[in-house]
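Below is one structure, written out as structure tokens; the observations come after it.
Number of protein chains: 2
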Amino acid sequence: MTSDKKLKDILHQYGLKGTTARIIVLDVLVQSQVALSHADILSRIHGEDLDKVTLYRTLSSFVSVGLAHKVANEDRNWLYALLLQNNRRVGIDDHAHFICDQCERIYCLPMDAEDTISVPVMDNGFVIRSHEYRLHGTCPECN
Amino acid sequence: MTSDKKLKDILHQYGLKGTTARIIVLDVLVQSQVALSHADILSRIHGEDLDKVTLYRTLSSFVSVGLAHKVANEDRNWLYALLLQNNRRVGIDDHAHFICDQCERIYCLPMDAEDTISVPVMDNGFVIRSHEYRLHGTCPECN
DNA sequence: GTTTAATTGCAACTTTGTTGCATTATTTGT
DNA sequence: ACAAATAATGCAACAAAGTTGCAATTAAAC
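Chains as they are written, first to last, in the working numbering: chain A, 114 to 256; chain B, 114 to 256.
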């Protein structure tokens with residue numbers, strides 16, 4: 114449990130108002146090691162009730178200011194994860210997504226700049242500006 | 114336009130009945146250089162009308178026998194593309210997906226087995242079995 | 001504290017895709 | 001070429017995830 118003041122500070126750093134809804138949602142995301150769906154987040158909020166639309170909008174605001182990013186899971190629902198790794202910003206291209214085919218959890222894995230693929234198509238008129246690497250298999254929990 | 118007989122043969126090779134719906138849909142997919150949505154395919158069928166459910170089921174049958182594969186676009190709709198490159202089978206891991214951020218077309222780009230990323234997580238209990246590389250940028254049509 | 005602008009909650013709605021079931025078409029064997 | 005068995009089709013109704021509009025509320029700045 115991170116203190117509300119600390120969470121509010123993070124929101125302010127990203128130019129967002131420190132509303133109770135956002136503090137609740139940020140707290141859930143900070144706690145999680147995996148990307149979470151709208152439903153996941155709702156189920157992790159016990160006492161406080163939060164309108165579903167507010168949650169959708171809260172998550173959108175996190176993404177639009179770069180505090181979080183979203184990944185589609187295999188069912189094509191959006192999952193959300195912070196772009197923070199022990200309080201430091203993480204670039205969206207600096208990690209891969211690991212999808213566990215057994216438990217369906219999605220992990221954001223750090224990846225160095227050197228870990229890139231060489232794609233033999235640059236000379237065909239395709240200009241690559243960013244990427245998403247989606248790795249499938251089984252996660253530590255399932256092995 | 115590929116001959117109906119040829120298309121029917123392909124369907125039979127994959128253990129599918131050569132129905133008119135499947136021949137129509139396969140013809141559209143053979144023609145296309147990019148992955149197509151349900152709506153894309155419907156709009157490319159002029160005279161013949163095809164029930165929307167039949168189209169969904171036709172596409173599912175193509176995927177389940179390995180004749181086609183599906184990719185989610187940025188709006189998380191399914192796009193379909195054949196796993197054939199000039200009449201030869203293509204493995205699902207043997208290519209990357211190029212998403213044009215301007216026209217939103219998705220291309221399947223061939224990729225050699227050597228073109229892999231080295232992900233520094235194998236020793237953490239993550240076992241990788243397959244992958245999807247999604248490359249973003251602008252395509253030849255948009256440059 | 002007041003003001004102002006952003007955020008919230010509610011209801012209604014949209015879009016994409018799915019399910020059940022009766023009808024029709026394709027294949028196989030003769 | 002024809003009949004029987006089986007799979008595919010079309011229609012209607014439905015499901016799930018997410019969005020939009022709008023009035024009420026709340027956070028931040030002064």
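Note that beta-carbon positions come from the ideal geometry of N, C-alpha and C, so glycine has one too.
Query: Partners in chain A for residue 256(B), counting only beta-carbon separations shorter than 9 Å; Result: 238, 239, 240
Query: Beta-carbon proximity check, residue 193(B) vs residue 148(B), cutoff 8 Å; Result: yes
Query: Distance CB(residue 137(B))-CB(residue 163(B)) smaller than 8 Å; Result: yes
Query: Range covered by the alpha helix (DSSP H) that runs through residue 119(A); Result: 117-126
Query: Cross-strand partners of residue 273(B) (DSSP beta bridge); Result: Look at the range of chain B in this structure, 114 to 256, and you will see that residue 273(B) is not part of it.
Query: Complete alpha helix (DSSP H) runs within the region 155-182 of chain A (minimum length 4 residues, chain order); Result: 165-177
Query: Within chain B, the residues that residue 249(A) reaches when beta carbons sit closer than 8 Å; Result: 241, 242, 243, 244, 245
Query: Within chain A, the residues that residue 216(B) reaches when beta carbons sit closer than 9 Å; Result: Those within 9 Å of residue 216(B) in chain A number zero; the least Cβ separation is about 12 Å.
Query: Rounded distance between the beta-carbons of residue 139(A) and residue 124(A), thought under 8 Å; Result: 7 Å
Query: Close beta carbons around residue 195(A), own chain, < 6 Å, minus the five adjacent residues each side; Result: 142, 181
Query: Check whether residue 167(B) and residue 134(B) have beta carbons under 8 Å apart; Result: yes
Query: Assigned secondary structure, residue 184(A) (DSSP; H/G/I helix, E/B strand, else coil); Result: strand
Query: Per-residue burial, residue 216(A) [other beta carbons within 10 Å of its own, 16 or more giving buried]; Result: exposed
Query: Member of 222(B), 212(B), 214(B), 170(B) whose CA lies at the smallest distance from the CA of residue 205(B); Result: 222(B)
Query: Any chain B beta carbon closer than 8 Å to residue 221(A); Result: no
Query: For residue 165(A) and residue 212(A), the rounded distance between their alpha carbons; Result: 26 Å
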